[in-house]
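Asks: One line per chain: the protein sequences are A and B, in this order. Numbering (UniProt numbering) for the first sequence: 1 to 393. Numbering (UniProt numbering) for the second sequence: 1 to 371. Using N, Cα and C, we set each Cβ at its ideal position, and we do this for glycine too.
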Amino acid sequence: MFDLEDFRAETRAWLEENCPASMREPVRSEKDICWGGRNAEFKNDDQRLWLERMAEKGWTAPTWPEQYGGGGLSPEQAKVLREEMARINAREPLKSFGISMVGPAIIKWGSEELKQQHLPKICRGEIRWCQGYSEPGAGSDLAALQTKAEDKGDHYLINGQKIWTSYAHKADWIFCLVRTSWEGKKQEGITLILFDMETPGVEARPIRLISGASVFCETFFTDVKADKTQVVGEVNKGWTYAKYILTHEREMVSAIGGDASAVDALGVQSLDAVGADEQGRLDDPVLRADIARWEIDQLGFRLTLERAKDEAKAGEGVGHYSALLKYAGTELNKRRLELKVAAEGMGGLAWEGQAWKGGALAKEWLRSKANSIEGGTSEVQLGIIAKNVLGMK
Amino acid sequence: MATLVLDDEQKMLREAAMRFMAEKAPVAQLRALRDGEGDAFDAPTWAAMAEMGFPGALIPEEHGGAGFGHVAMGQIMEAGGRTLAASPLFATGVAGASAVMLAGSDAQKAELLPKIAAGELLCALAVDESVRHTGKAPATTAAPSGDGFAITGAKSNVADGSIAGLIVVSAATPDGATGLFLVEAGASGLEVEPVEMADSRATAILRFEATPARALGEVGQGAEALARLLDICNAHLAAELIGVAGKAFEDTLAYVQERRQFGVTIASFQAIQHRAAHLFGEIEQARSLVLAALSGLDEGVEGLPRLVSAAKAKAAAVADLATNEGVQLHGGVGMTDAFDIGLFMKRARPAAQLFGDERFHANRFASLSGY
Ligand SMILES: Cc1cc2nc3c(=O)[nH]c(=O)nc-3n(C[C@H](O)[C@H](O)[C@H](O)COP(=O)(O)OP(=O)(O)OC[C@H]3O[C@@H](n4cnc5c(N)ncnc54)[C@H](O)[C@@H]3O)c2cc1C
Numbered sequence: 001m002f003d004l005e006d007f008r009a010e011t012r013a014w015l016e017e018n019c020p021a022s023m024r025e026p027v028r029s030e031k032d033i034c035w036g037g038r039n040a041e042f043k044n045d046d047q048r049l050w051l052e053r054m055a056e057k058g059w060t061a062p063t064w065p066e067q068y069g070g071g072g073l074s075p076e077q078a079k080v081l082r083e084e085m086a087r088i089n090a091r092e093p094l095k096s097f098g099i100s101m102v103g104p105a106i107i108k109w110g111s112e113e114l115k116q117q118h119l120p121k122i123c124r125g126e127i128r129w130c131q132g133y134s135e136p137g138a139g140s141d142l143a144a145l146q147t148k149a150e151d152k153g154d155h156y157l158i159n160g161q162k163i164w165t166s167y168a169h170k171a172d173w174i175f176c177l178v179r180t181s182w183e184g185k186k187q188e189g190i191t192l193i194l195f196d197m198e199t200p201g202v203e204a205r206p207i208r209l210i211s212g213a214s215v216f217c218e219t220f221f222t223d224v225k226a227d228k229t230q231v232v233g234e235v236n237k238g239w240t241y242a243k244y245i246l247t248h249e250r251e252m253v254s255a256i257g258g259d260a261s262a263v264d265a266l267g268v269q270s271l272d273a274v275g276a277d278e279q280g281r282l283d284d285p286v287l288r289a290d291i292a293r294w295e296i297d298q299l300g301f302r303l304t305l306e307r308a309k310d311e312a313k314a315g316e317g318v319g320h321y322s323a324l325l326k327y328a329g330t331e332l333n334k335r336r337l338e339l340k341v342a343a344e345g346m347g348g349l350a351w352e353g354q355a356w357k358g359g360a361l362a363k364e365w366l367r368s369k370a371n372s373i374e375g376g377t378s379e380v381q382l383g384i385i386a387k388n389v390l391g392m393k
Numbered sequence: 001m002a003t004l005v006l007d008d009e010q011k012m013l014r015e016a017a018m019r020f021m022a023e024k025a026p027v028a029q030l031r032a033l034r035d036g037e038g039d040a041f042d043a044p045t046w047a048a049m050a051e052m053g054f055p056g057a058l059i060p061e062e063h064g065g066a067g068f069g070h071v072a073m074g075q076i077m078e079a080g081g082r083t084l085a086a087s088p089l090f091a092t093g094v095a096g097a098s099a100v101m102l103a104g105s106d107a108q109k110a111e112l113l114p115k116i117a118a119g120e121l122l123c124a125l126a127v128d129e130s131v132r133h134t135g136k137a138p139a140t141t142a143a144p145s146g147d148g149f150a151i152t153g154a155k156s157n158v159a160d161g162s163i164a165g166l167i168v169v170s171a172a173t174p175d176g177a178t179g180l181f182l183v184e185a186g187a188s189g190l191e192v193e194p195v196e197m198a199d200s201r202a203t204a205i206l207r208f209e210a211t212p213a214r215a216l217g218e219v220g221q222g223a224e225a226l227a228r229l230l231d232i233c234n235a236h237l238a239a240e241l242i243g244v245a246g247k248a249f250e251d252t253l254a255y256v257q258e259r260r261q262f263g264v265t266i267a268s269f270q271a272i273q274h275r276a277a278h279l280f281g282e283i284e285q286a287r288s289l290v291l292a293a294l295s296g297l298d299e300g301v302e303g304l305p306r307l308v309s310a311a312k313a314k315a316a317a318v319a320d321l322a323t324n325e326g327v328q329l330h331g332g333v334g335m336t337d338a339f340d341i342g343l344f345m346k347r348a349r350p351a352a353q354l355f356g357d358e359r360f361h362a363n364r365f366a367s368l369s370g371y
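1) Between which two residues does the alpha helix (DSSP H) holding W46 of chain B run?
2) Determine whether the beta carbon atoms of G347 of chain A and K357 of chain A lie at a separation below 9 Å.
3) Just tell me which of A:A171, A:K243, A:G329 has its CA closest to the CA of H278 of chain B.
4) Answer yes or no: do E193 of chain B and A351 of chain B have a C-beta to C-beta separation smaller than 9 Å?
5) At a Cβ threshold of 9 Å, is A137 of chain B touching chain A?
6) Considering only the beta carbon of each residue, do W35 of chain A and S100 of chain A sit closer than 9 Å?
7) Chain A partners of N363 of chain B, CB-CB under 8 Å?
8) Is any heavy atom in ligand 1 found nearer than 8 Å to the beta carbon of S170 of chain B?
9) Where does W173 of chain A sit, in a helix, a strand or coil, going by DSSP?
10) Say whether chain A places a C-beta atom closer than 9 Å to the C-beta of K314 of chain B.
11) Could you tell me which of B:V318, B:M345, B:A317 sits nearest to H330 of chain B, measuring between CA atoms?
12) For I272 of chain B and chain A, any beta-carbon pair shorter than 9 Å?
13) For E379 of chain A, return the contacting residues in chain B, with the cut-off set at a CB-CB distance below 9 Å.
14) Just to confirm the assignment, what range does the alpha helix (DSSP H) spanning G132 of chain A have?
15) Anyone know if the C-beta pair for G153 of chain B and A185 of chain B falls short of 9 Å?
16) Note down the Cα distance separating A343 of chain A from Y133 of chain A, rounded to an integer number of angstroms.
17) Where DSSP assigns a beta bridge to H236 of chain B, which residues make up the other side?
18) So, at 7 Å on beta carbons, what are the nonlocal neighbours of K228 of chain A in its own chain, with the 5 sequence-adjacent residues on each side left out?
19) How close, in whole Å, do the beta carbons of L361 of chain A and Y327 of chain A come, if the pair is a contact with beta carbons under 8 Å?
20) Going by beta-carbon coordinates alone, are D199 of chain B and A48 of chain B separated by less than 9 Å?
21) S322 of chain A: buried (16+ other C-beta within 10 angstroms of its C-beta) or exposed?
22) Out of A:S22, A:K237, A:A312, which one is the CA nearest neighbour of K185 of chain A?
23) With C-beta atoms as the reference, is T147 of chain A less than 9 Å away from Q161 of chain A?
24) May I have the straight-line CA-CA distance separating E306 of chain A from L325 of chain A, to the nearest angstrom?
25) Can you give me the C-alpha to C-alpha distance between A86 of chain A and A215 of chain B, rounded to a whole angstrom?
26) Compare the C-beta of R287 of chain B against all C-beta atoms of chain A and say whether one is closer than 9 Å.
27) If you measure beta-carbon to beta-carbon, which residues of the stretch 53-65 of chain A are closer than 9 Å to chain B?
28) Kindly give me the distance between the Cβ atoms of S288 of chain B and G58 of chain A, rounded to whole angstroms, as I take these residues to be in contact under 8 Å.
29) If we ignore side chains and look at the alpha-carbon of each, how far apart do D357 of chain B and E66 of chain A end up?
30) Of all the residues that make up the stretch 3-18 of chain B, which are near chain A by a beta-carbon distance shorter than 7 Å?
31) What is the residue span of the alpha helix (DSSP H) that G329 of chain A lies within?
32) Just grab the DSSP bridge partners of L192 of chain A for me.
33) Give the DSSP bridge partners of P194 of chain B, in chain order.
34) Around the Cβ of G359 of chain A, are there at least 16 other Cβ atoms within 10 angstroms (buried) or fewer (exposed)?
35) Would you call the stretch 40-53 of chain A and the stretch 284-293 of chain A in contact, with 3 or more CB pairs under 8 Å?
36) So, for E83 of chain A: in the same chain, excluding its five sequence neighbours on each side, which residues have a beta-carbon less than 6 Å away from its beta-carbon?
What follows is the structure in C-alpha cells.
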C-alpha cells in the first residue's frame, strides 16, 4: 500500500517546486482563468507553464485513468492533492468543461475510440468544449428539446438552434443533445453527440449579458454533418448521460461557494470600506450581523462539500448531495456578492474608470445572478431534492 | 481538515444510542414525566444509560469512564435530541464531567469522575447571572473562608440545578480572577428555586449567601477552563439541536406525505416541496459544522472557539427553522399537544438559549474572526 502521508510529502514538495509564484495569487478576473483550447490565450508564461506541468503529471484530471492522460489517483490521494493545492493557494491549472462535464460521460459510456480520441486532449487542455443543451423552448424543461438529427448512414444531419451556450464562440468542440426520435416519451428520443465547432453549418452568435460581458451564445446548426462514431453511448439514451453530466456540472458550479481563497474573510475584507468602531468591530452592526451569518452559513457549506466528497464512493461524485450543493452554493455566492457590494457602497457599483477598480465588483455581482439559473435553476434543484432525495410525491 | 465522517466504532455507538433512546427514552417518557409527580428524569432509564457508558463517554477509562470522545458523545446527544430525552446526561456527563476534567486536581478527578461515570453523582453548571447568556465575568464572589471559600451571589438558567448533588459555580475571586468552585447540594446558605421550563425540564435559580465551597483545581485558572468548558457545552448542545431539528423534520416529512387535501397528498404541492428541500439542506450543513466542532474538540484544531460558535449558531437557527416549519406544515394539528412537533419546538428554544443563542454566537463568531 502506498502510504498517504508519503504521497502528501511528495505532492507538497512537487507543488512547492513546480507551482509558479504568480499561480498562487487569488483569481482576480476572468483573464486569470486558463481555459486552454486550440486558440488558447495564456495571460502569461506562468499560466502556460503551470498547465503544462500539471498536465504532465496527469493532475488536471487527478482521478482519471493514467492511460487517458489522467493522474490515476485514488479519491483519498485526490483529496490530499486538493488540500495541498489549497494550502499554497494554488490556482486550478485549467478550467474545462471537458474535465468537469463531458469527460466523465465519455469515461463512463464512450467507446474506446472516443476515449482515445478525446480524453488525452481534454487532460492537456488542447480542446475547449461547450455544452449544447438549452434551446429557446427547452430550458428547465430540457427534455423538450427539438434540435433534429437525421440518420444519414455514416453520419447525422443536424438542424436546429441552441441558446445560452457558454463560450460557444470560443469552443473547439460541442457536446450536444439532439433529438433522434419523436416516438415515446420525450426523454427517450435524445442522443448525446460530439462535433467540431468548425464543421460547416455551425454558427455561434454571442449574447450580451447584464454584466456587460458576452460569455454565451445563440448557436445555430444548418445541415451540420456529425460522424456517427461521435455518438456517446447508445442512440436515444442521451437523457441518462445528460443528467449524469448535469450532476458533474452542479458540482462544478457549487464549488463556487466552496472556494476558500475567494470567499473567506468577507468581514475582515470589509473593514477598510466600512470602518471599525473602538473595539475593532465593523462600524455597521446590521451589516456585521449579516456578514457573520453569511460566513457561518458559508463555513457550513464548505464543510458539507468536504463531507460529501469524503462520503462519496470512488469516482461516483457527490451523488444525492449534488442538487443540494448546487442550490446552497450558488445562493451563498449571490448573497456574498450582495454583501460585498453593500460593504463597498458606491464603490461596489462603479462601472468604468480608474476609481474603485473600474467596475470589476459590480460585474462580478451581476454575473453571480446567473449562478442560480445556469446548470438548472434553484427551483429545479429544490424540486430534485424533494422528489429524488426526500421522495415527496 | 476536520474528520467529517464517523469511523466504524462511532457509527456503531451512534446506532446503539439511537436504538437506546428510541426504546428507553422516547418522547412518551417526556410526556409521562411532565404529567407525573414532578420527577425531573426517569431513574431506571438513567441507570440504564450509565450501564451503556453514556455519562462517562467523555471520561477516560482510568477514571471509570468509557473514553469515547466528543464525536461519540455528540452522537449520543443527537440521539437524545431526537427523542427529547429528559435526562441528566448533558448537565452531568458533558458539563460536570468536563468541568472536573478541565479544572480539577488529580485528587478531585479521582474522587469525582468515577461517580459521574457511574451515574451516581449528578452535576449542574451555574454560570449565567441574567436571563440571557452574556459571556461576562461573574458578579458572584468567592471569598476565602477557613480552608475553602464562601460563595455569595445568584445564578440563573441552571440546568438540573434542583436535582444535582454537585454544583460547579463560576465566581470572582478577591483578586478579580474568575474561578470555578464546587458547592454541594444542601450546603448552608444555598437557596434553590426550581423553574420548570417550556420544555418541561428542571432548571433552577440558585442564591448563595456565604455558601461553603471548595475550589475546583487551581483558583487562578478558572477563566480559561470556563471558556473551554462552555465551548464543550455548546458543541454538545448543538449536537442535541441537530437531533431536535432532524427528527422534527422527519416527522413533518412523514406527515405531509400522509395528509391529503384537494384529493392528493400535501407533499405533492411544490410550495411544500421547496420548503422541505431547503430545510433538509440547512440541516445537513448544520450537521457538518457540528461534526467539525466535535472532531475539533477531539483532535484539537486552531480556531476552535470560532468553529464552536459557528456550529451553535447554525444549529440553533436550523432548529428554529425546522420546528417553525414543522408546526406550520402540520396545520391545525401542529398546534395540539397530542402531536409531538410542538414539544420539539419547546425544546429547541431553551437548548439554543443555554450558554448563548444564535445571535450571541454569531456576534462572538464575528469578533473572533477579527471584525
Ligand atoms: C450564464 C449562463 C450560462 C449558461 N450556459 C449554458 C450552456 O453552456 N449550455 C446550455 O445548454 N445552457 C446554458 N445555460 C442555460 C441554463 O441551463 C438555462 O437558462 C436554465 O436551465 C433555465 O432555463 P430557462 O432560461 O429557459 O428558464 P425557464 O426554464 O424558463 O425558467 C424561468 C423561471 O421559471 C422557473 N421554473 C421553470 N420550471 C419550473 C418548475 N417546474 N417549477 C418551479 N419553477 C420553475 C425557473 O426556476 C425560473 O425561475 C446557461 C445559463 C446562464 C444564465
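Replies: The short version:
1) Residue numbering aside, residue 46 of chain B sits at position 46 when the second sequence is read from its first letter. Where W46 of chain B is concerned, the enclosing alpha helix (DSSP H) stretches over 43-52.
2) Taking the first sequence and counting its residues from 1, the one referred to as residue 347 of chain A is at position 347. Taking the first sequence and counting its residues from 1, the one referred to as residue 357 of chain A is at position 357. Closer than 9 Å, so yes.
3) Mapped onto the second sequence, residue 278 of chain B falls at position 278. Ranking the options by Cα distance to H278 of chain B, first place goes to A:G329.
4) Residue mapping note: residue 193 of chain B aligns to position 193 of the second sequence, counting from 1. Residue mapping note: residue 351 of chain B aligns to position 351 of the second sequence, counting from 1. Cβ atoms of E193 of chain B and A351 of chain B: not closer than 9 Å.
5) The residue labelled residue 137 of chain B in the question sits at position 137 within the second sequence. Output row for A137 of chain B: interface = no.
6) The residue you call residue 35 of chain A lines up with position 35 of the first sequence. The residue you call residue 100 of chain A lines up with position 100 of the first sequence. Against a cut-off of 9 Å, the Cβ pair of S100 of chain A and W35 of chain A comes out as no contact.
7) Against the second sequence, residue 363 of chain B aligns to sequence position 363. Per Cβ cutoff of 8 Å: A289, A292.
8) Here residue 170 of chain B corresponds to residue number 170 of the second sequence, with the count starting at 1. No - ligand 1 has no heavy atom lying nearer than 8 Å to the Cβ of S170 of chain B.
9) Residue mapping note: residue 173 of chain A aligns to position 173 of the first sequence, counting from 1. Note: W173 of chain A maps to strand in three-state DSSP.
10) Here residue 314 of chain B is taken as the residue at index 314 of the second sequence, counted from 1. Yes, contact with chain A.
11) By 1-based counting over the second sequence, the position of residue 330 of chain B is 330. Here the closest residue by C-alpha is B:M345.
12) In the second sequence, the residue the question calls residue 272 of chain B occupies position 272. Yes, contact with chain A.
13) Here residue 379 of chain A corresponds to residue number 379 of the first sequence, with the count starting at 1. Contact note: E379 of chain A reaches chain B through Q270, H274, using a C-beta cutoff of 9 Å and chain order.
14) Counting from one through the first sequence, the residue named residue 132 of chain A turns up at place 132. Here G132 of chain A belongs to no alpha helix (DSSP H); instead the beta strand (DSSP E) covers 129-132.
15) The residue you call residue 153 of chain B lines up with position 153 of the second sequence. The residue you call residue 185 of chain B lines up with position 185 of the second sequence. Contact flag unset, no.
16) As a working mapping, residue 343 of chain A is identified with position 343 in the first sequence. As a working mapping, residue 133 of chain A is identified with position 133 in the first sequence. Our two residues, A343 of chain A and Y133 of chain A, have alpha carbons roughly 37 Å apart in a direct line.
17) Here residue 236 of chain B is taken as the residue at index 236 of the second sequence, counted from 1. Beta-bridge pairing by DSSP links H236 of chain B to no other residue.
18) Here residue 228 of chain A is taken as the residue at index 228 of the first sequence, counted from 1. Closer than 7 Å at Cβ, skipping near neighbours: D154, H155, Y156.
19) As a working note, residue 361 of chain A is residue 361 in the first sequence. As a working note, residue 327 of chain A is residue 327 in the first sequence. L361 of chain A to Y327 of chain A, Cβ: 24 Å. No contact.
20) In the second sequence, residue 199 of chain B corresponds to position 199, counting from 1. In the second sequence, residue 48 of chain B corresponds to position 48, counting from 1. Contact: no.
21) Here residue 322 of chain A refers to the residue found at position 322 of the first sequence. Under this definition S322 of chain A is a buried residue.
22) Looking up residue 185 of chain A in the first sequence gives position 185. When each option's Cα is compared against that of K185 of chain A, the closest is A:K237.
23) Here residue 147 of chain A corresponds to residue number 147 of the first sequence, with the count starting at 1. Here residue 161 of chain A corresponds to residue number 161 of the first sequence, with the count starting at 1. Going by C-beta atoms, T147 of chain A is nearer than 9 Å to Q161 of chain A.
24) Counting from 1 along the first sequence, the entry for residue 306 of chain A is found at position 306. Counting from 1 along the first sequence, the entry for residue 325 of chain A is found at position 325. Going by the C-alpha atoms only, they are around 11 Å apart.
25) Locating residue 86 of chain A in the first sequence gives position 86, counting from the first residue. Locating residue 215 of chain B in the second sequence gives position 215, counting from the first residue. Each residue's alpha carbon lies about 46 Å from the other.
26) Here residue 287 of chain B is taken as the residue at index 287 of the second sequence, counted from 1. At least one chain A Cβ lies under 9 Å of R287 of chain B.
27) none
28) Residue mapping note: residue 288 of chain B aligns to position 288 of the second sequence, counting from 1. Residue mapping note: residue 58 of chain A aligns to position 58 of the first sequence, counting from 1. Contact doesn't hold; Cβ gap of about 30 Å is too wide.
29) For the purposes of this step, residue 357 of chain B is taken as the residue at position 357 of the second sequence. For the purposes of this step, residue 66 of chain A is taken as the residue at position 66 of the first sequence. Cα to Cα, D357 of chain B sits roughly 51 Å from E66 of chain A.
30) L4, V5
31) Counting from 1 along the first sequence, the entry for residue 329 of chain A is found at position 329. Its alpha helix (DSSP H) spans residues 322-344.
32) Position 192 of the first sequence, counted from the first residue, corresponds to residue 192 of chain A. In the DSSP output, where bridge partners are listed per residue, L192 of chain A has A:L177.
33) The sequence position of residue 194 of chain B within the second sequence is 194, counting from 1. Paired residues: B:A204.
34) One-based indexing of the first sequence puts residue 359 of chain A at position 359. Label assigned to G359 of chain A: buried.
35) Flag = no, the stretch 40-53 of chain A and the stretch 284-293 of chain A do not touch.
36) One-based indexing of the first sequence puts residue 83 of chain A at position 83. Same-chain partners within the cutoff: there are none.
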